Each structure stands twice: as C-alpha cells, then as structure tokens.
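Residue numbers (the working numbering): 1 to 329. We treat Cβ as the ideally placed atom computed from N, Cα and C, and that holds for glycine. The structure presented is a predicted model; accordingly, all values stated were derived computationally and were not measured.
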Amino acid sequence: MAAVSLGSLSLPPLKYRKVVVCCSYVNGSLRPITVSGNPPTFVSASGRRIVAVGDLHGDLSKTRRALEMAGVLSSDGQDLWIGGETVLVQLGDILDRGEDEIAILSLLRSLDIQAKSTGGAVFQVNGNHETMNVEGDFRYVDPGAFDECIDFLDYLDEYKGNWDDAFTGWIRATKWWKKKRTSESYWTRWNFLKVSALCSYCTSVSWIFPKILGQRQQAVIARSSLLRPGGPLACELGRHSVVLKVDDWIFCHGGLLPHHVAYGLERMNKEVSLWMRDFSESNDSPAVPFIATRGYDSIVWNRLYSRDSADAKYQILQACNLILPNKMT
C-alpha cells in the first residue's frame with residue numbers, strides 16, 4: 001500500500017446552509033429538479049418516474065443487473081445512464097457483505113453526473129451499515145472489501161489529491177486493480193481462516209502467519225483511514241441523507257417515526273453529515289447523532305414497519321400527518 005496523505009485530498013465542501021440546486025433538463029417538457037438542504041432533504045421532481053433500489057451490499061454484478069432491470073443503466077458494460085429524466089433513489093446498505101463497495105459508490109456518483117445532463121438524478125440514503133462502518137464496526141466486512149480499500153488507497157496516490165476525478169474513475173479502474181491483486185501469489189492474501197485450515201494439516205508453513213497477520217492489520221488500517229469520521233469515504237457518505245423526501249414520497253433505510261419528524265428531517269441529515277465529516281464549529285468533534293444512527297427506533301435501524309401490527313399502521317399515519325398534513329386529512 002502506497003503512503004497517501006489523506007489530508008491532501010480535495011474532499012466535498014464542509015459549509016452547511018440551506019441550498020437549492022436545479023438539475024438541467026433537455027427537452028423542457030418537465031420543470032427542473034430542485035433540491036433543498038445540504039445534504040439533500042427535500043426534492044421536487046414533478047412528473048418524473050421514481051425508482052428505488054435497496055440493499056446492494058458490495059455486490060457489483062447484481063447492482064448492475066438491478067439498475068439494468070430498472071431501465072437506468074446500459075447493458076453494454078459501459079455503465080451509461082439511460083434513464084433519461086428518471087429519479088433513482090438508493091436506500092443504503094451499500095457497505096458490508098460484498099467486495100465491491102467503493103466501486104458501487106463510484107458507479108452511483110458517475111450515474112448521477114450523467115443523469116443530471118438528461119434531466120434525471122441519483123440520490124443515496126445512508127443505512128445502518130454505512131453508520132456502523134463510520135463508527136469503526138467492521139464485523140460484517142468481506143475480506144475482498146478490505147482488499148479493495150488497500151487497492152483504492154494505492155489508486156488514490158496516482159491522482160495527487162484530486163478526489164472527484166479519482167472517485168468517479170474508480171468504477172472504470174476497479175477491474176484492473178482486482179486482476180492485479182488476484183494475479184499475485186496466493187499467499188499474499190490475508191485470509192486467516194484458509195491459512196489456519198491448512199496449518200492444521202501442515203506445520204511447515206507456520207512462517208506465513210506473521211505475514212498474513214501483518215497484511216490483515218494493514219487492511220484494517222486502510223479501511224479505518226478511509227471511513228473514520230473525516231476520512232475520504234466518510235466525507236463522501238456525508239454528502240448523502242438518512243431521510244429524503246421526493247415529492248410526496250419519503251425514503252429512508254429503516255423507518256420514519258413521528259419523533260423523527262418532530263426532531264426535524266433536515267436537522268437529522270445535517271447532524272449525521274457533520275459527524276461523518278468530523279466537522280464542527282467548535283473545537284470538539286461532533287457527537288454521534290443517536291436519534292438517527294443508534295437504537296432500535298433510530299431512522300436507520302427501525303424495523304417497526306416490517307411488522308403487521310396496529311401500532312405500525314398508527315405510527316405511519318402519525319408520521320404522514322406531520323409531514324403531509326394537507327394530504328392526510
């Protein structure tokens with residue numbers, strides 16, 4: 001892994017204020033998409049087709065397949081946006097369980113840039129696995145995803161601190177880096193379980209443990225440097241919301257409860273983003289926003305709506321009444 005000065009990277013801006021962004025459109029048949037909040041919280045996209053895609057968990061091939069089925073991604077392997085004025089919302093949990101997490105994040109950023117040129121847009125909502133990783137909880141990380149972090153840091157060194165170009169380009173470069181990695185000696189991989197199984201039959205390879213353990217430590221350090229609060233990938237995740245309202249639709253990974261609405265959607269988004277970016281107006285690091293990221297009833301963990309109960313229906317109605325009072329009366 002090359003030595004990279006993460007502080008030299010040009011990361012997303014840290015200023016926070018209410019902003020409105022208009023996405024371009026081509027034929028003028030629809031009004032421009034308007035976005036309010038930083039990170040995005042309220043979106044007006046009247047007349048557009050809205051597509052939501054859930055947990056992707058590091059599986060790049062299935063991600064492409066899902067986006068192709070949704071009619072927003074070309075099937076020729078060029079990763080081109082073909083959704084026109086469609087609005088795509090990804091509902092979080094890109095991280096963990098698969099080995100191509102950064103590649104998927106890169107693909108979605110690239111598609112968003114392309115979509116805006118045709119009057120569409122791509123939005124992401126952070127899930128519990130994004131917040132877990134920013135907190136340093138790597139229990140569900142695939143070994144290949146640790147490897148991807150090492151590769152990505154080496155790759156970043158080639159871009160001399162130009163984060164935007166490096167990040168959007170990773171989806172095109174990832175195949176080469178993976179091929180380079182897998183073409184190296186099998187024993188350079190740090191899969192401890194495979195080595196342990198072999199060593200139970202052959203004690204002559206005990207010399208390999210220090211190397212394996214060293215590479216495992218290197219992989220954890222690489223991931224931590226990218227995803228710790230203020231790290232490049234944490235800042236990238238901090239560009240996105242934990243709750244998003246597009247026209248009359250509410251999107252979040254877990255579930256929106258009345259007390260979340262009372263607390264304030266934009267406030268929650270801002271606090272999570274500040275924490276991920278490790279940005280505070282004081283000298284202290286921002287606290288982990290409990291209401292959004294921790295607890296069974298937080299917005300990324302809430303599973304109430306998966307239960308068929310009267311309480312779940314009541315909570316849905318209450319939340320809708322608070323957000324869309326004129327629609328529910």
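The alpha helix (DSSP H) that contains residue i, what's its start and end?
{"i": "Ile94", "result": "Neither: Ile94 is in no alpha helix (DSSP H) and is coded neither H nor E."}
{"i": "Ile50", "result": "Run containing Ile50: none in the alpha helix (DSSP H); it sits in the beta strand (DSSP E), Ile50 to Val53."}
{"i": "Lys116", "result": "Glu101 to Lys116"}
{"i": "Ser273", "result": "Leu265 to Arg277"}
{"i": "Lys179", "result": "Trp163 to Ser183"}
{"i": "Asp157", "result": "No alpha helix (DSSP H) contains Asp157, which DSSP labels as neither H nor E."}
Can you tell which of the options has the C-alpha that lies nearest to the C-alpha of residue i?
{"i": "Glu135", "options": "Pro286, Phe123, Leu256 and Val72", "result": "Pro286"}
{"i": "Leu73", "options": "His57, Gln114 and Leu56", "result": "Gln114"}
{"i": "Arg223", "options": "Asp151, Leu304, Ser46 and Val300", "result": "Asp151"}
{"i": "Gly119", "options": "Trp176, Ala145, Ser46 and Val125", "result": "Ser46"}
Can you give me the Cβ contacts of residue i inside the same chain, cut-off strictly under 7 angstroms, excluding the 5 residues immediately before and after it?
{"i": "Ala173", "result": "Tyr155"}
{"i": "Arg181", "result": "Asp147 and Asp151"}
{"i": "Tyr159", "result": "Asp165 and Ala166"}
{"i": "Trp170", "result": "Ile102, Ala103, Ser106, Phe152 and Tyr155"}
Which stretch, first to last residue, makes up the beta strand (DSSP E) that contains residue i?
{"i": "Trp249", "result": "Trp249 to Cys252"}
Let me check one thing: in DSSP terms, what residues is residue i bridge-paired to?
{"i": "Phe42", "result": "Ser36 and Lys245"}
{"i": "Phe290", "result": "BP columns for Phe290 are empty, so no partner."}
{"i": "Phe123", "result": "Val89"}
{"i": "Leu73", "result": "Trp81"}
If I measure Cβ to Cβ from residue i and keep anything under 6 angstroms in the same chain, skipping five residues before and after, which residues do I get?
{"i": "Asn133", "result": "Leu95 and Leu227"}
{"i": "Gly98", "result": "His57, Gly58, Asp59 and Asp142"}
{"i": "Asn128", "result": "Val300 and Trp301"}
{"i": "Gly238", "result": "Ser273, Met276 and Arg277"}
{"i": "Gln121", "result": "Inspection of the sequence shows that residue 121 is occupied by Ala rather than by Gln. Once the five neighbours on either side are set aside, the close Cβ partners of Ala121 are Cys23, Ile33, Val87 and Ala115."}
{"i": "Tyr186", "result": "Caution applies to Tyr186, whose pLDDT of 44 falls short of 50 and renders its modelled position unreliable; the value that the coordinates give is listed next. Closer than 6 angstroms at the Cβ level, and outside the excluded window around Tyr186, lies no residue."}
So, at 8 angstroms on beta carbons, what are the nonlocal neighbours of residue i in its own chain, with the 5 sequence-adjacent residues on each side left out?
{"i": "Asp93", "result": "Gly54, Asp55, Leu56, His57, Gly127, Asn128, His129, Glu130 and His253"}
With a threshold of 8 angstroms (Cβ to nearest heavy atom), would residue i be considered close to the ligand SAH?
{"i": "Arg277", "result": "This structure simply doesn't include the ligand SAH, nor any ligand for that matter."}
Problem - Three or more C-beta pairs below 8 angstroms linking the stretch 57–66 and the stretch 26–44 - result: no
Handout entry: Segment contact flag, the stretch 47–59 with the stretch 74–91, C-beta cutoff 8 angstroms, min 3 pairs
Key = yes
Practice task
Kindly confirm or deny that the stretch 34–45 and the stretch 239–251 touch, where touching means at least three C-beta pairs closer than 8 angstroms.
Solution key: yes
Exercise for the section: Count the CB pairs spanning the stretch 266–276 and the stretch 289–297 that are closer than 8 angstroms, and state whether there are at least three. Expected result: yes
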